[in-house]
Amino acid sequence: MNKDDPRTEKRRLRFSQEARDAILRDPLRDGSLLSRSSTSSARELQTSQQAREQLLLLLQSQKDRVLLEHGLRKLREIIVSVFQECKDDTNFLKLVHKTYNMSYDFFLEDRQFHKLGAVVLNFMATNFPCSPYRELYALHCSHVGSNLNECIKVLMGDPPSYKLDELHRQLILLSSIYVANMDSPSRWFQILMTLPTHLRKYLIAIPAYSHMRTRCLQHVRKCYNQISIDFLLKYWFHGMAIKSDIQHEWQAEVNCTSQMIVFRRRRGH
Numbered sequence: 177m178n179k180d181d182p183r184t185e186k187r188r189l190r191f192s193q194e195a196r197d198a199i200l201r202d203p204l205r206d207g208s209l210l211s212r213s214s215t216s217s218a219r220e221l222q223t224s225q226q227a228r229e230q231l232l233l234l235l236q237s238q239k240d241r242v243l244l245e246h247g248l249r250k251l252r253e254i255i256v257s258v259f260q261e262c263k264d265d266t267n268f269l270k271l272v273h274k275t276y277n278m279s280y281d282f283f284l285e286d287r288q289f290h291k292l293g294a295v296v297l298n299f300m301a302t303n304f305p306c307s308p309y310r311e312l313y314a315l316h317c318s319h320v321g322s323n324l325n326e327c328i329k330v331l332m333g334d335p336p337s338y339k340l341d342e343l344h345r346q347l348i349l350l351s352s353i354y355v356a357n358m359d360s361p362s363r364w365f366q367i368l369m370t371l372p373t374h375l376r377k378y379l380i381a382i383p384a385y386s387h388m389r390t391r392c393l394q395h396v397r398k399c400y401n402q403i404s405i406d407f408l409l410k411y412w413f414h415g416m417a418i419k420s421d422i423q424h425e426w427q428a429e430v431n432c433t434s435q436m437i438v439f440r441r442r443r444g445h
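Using the numbering used here, the first residue of the sequence shown is number 177, and each one after it goes up by one.
So this is what it looks like as structure tokens:
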């Protein structure tokens, strides 16, 4: 076949592009994670900040979620393996925060809440106790792990401080309501309303939020035969639930004309 045949040239360009893509994606496609074996790419990532930054850059534009999860795991394992020797390097610390922020978003969106706590929140709360991850990890302990003692321990710090600020006191009360029913479920929503955005977003994302909505409604059922939707949302849920939640999730009769929720009919009606 002629060297200048258009089909030959087209194939050559295609294979060249595939080879280029394979090289670029090699750190992600390498199935040998650091925890399983040692590879040349892993060794380079351990010794070169530039290589770590290049991998992070690749991950930031990665659309394939399987490759993204694999790449983030690989980069986290590299970070853990060199953390003690590199923790005074400002550029390394920036990379750590970007990597774990991406991992946090990935696990939260993917609803892998146990991995989120064990892999991301635990590491960040331990190594950066003054970061927002400390409060997130405390909430994870109580609202995912149902471990109130561990939640309090995380918030008190190491060594423990018995002078807690207002936010930490509120988080302990919030967790006590969830784990031990220390107050009305409505109080849980009242506290939720006042929390910083990142904490509120986390709690709304996890199953504990739906659980508390159900608990609150069950409490309301004991107090009312019927109740105005607007009153319920404002004074019981403090704006932390919406009408569609009531109509879709809660099996209560909703009178669309009067905007009332009817829990049980009075005799004779």
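Glycine included, each C-beta is placed from N, C-alpha and C at the ideal position.
Item	Value
Three-way DSSP call (helix, strand, coil) for VAL438 in this model	strand
For ILE367 and LEU349, believed in contact at Cβ under 8 Å, the rounded distance	6 Å
Beta-bridge partners of ILE353, as assigned by DSSP	In the DSSP output, where bridge partners are listed per residue, ILE353 has none listed.
Through-space distance from ALA218 to HIS246, alpha-carbon basis	13 Å
Beta strand (DSSP E) segment containing GLN288, residue limits	Premise fails: GLN288 is in no beta strand (DSSP E) and is neither H nor E.
Ordered list of beta strand (DSSP E) runs contained in the segment 345 to 427, each at least 3 residues	402 to 404
The segment 266 to 284 touching the segment 359 to 366, judged by at least three CB pairs closer than 8 Å	no
For CYS262 and MET416, the rounded distance between their alpha carbons	43 Å
C-beta contact flag for HIS316 and LEU331 at 8 Å	no
MET358 to SER352 span [Cα, whole Å]	6 Å
Terminal residues of the alpha helix (DSSP H) in which LYS250 lies	241 to 262
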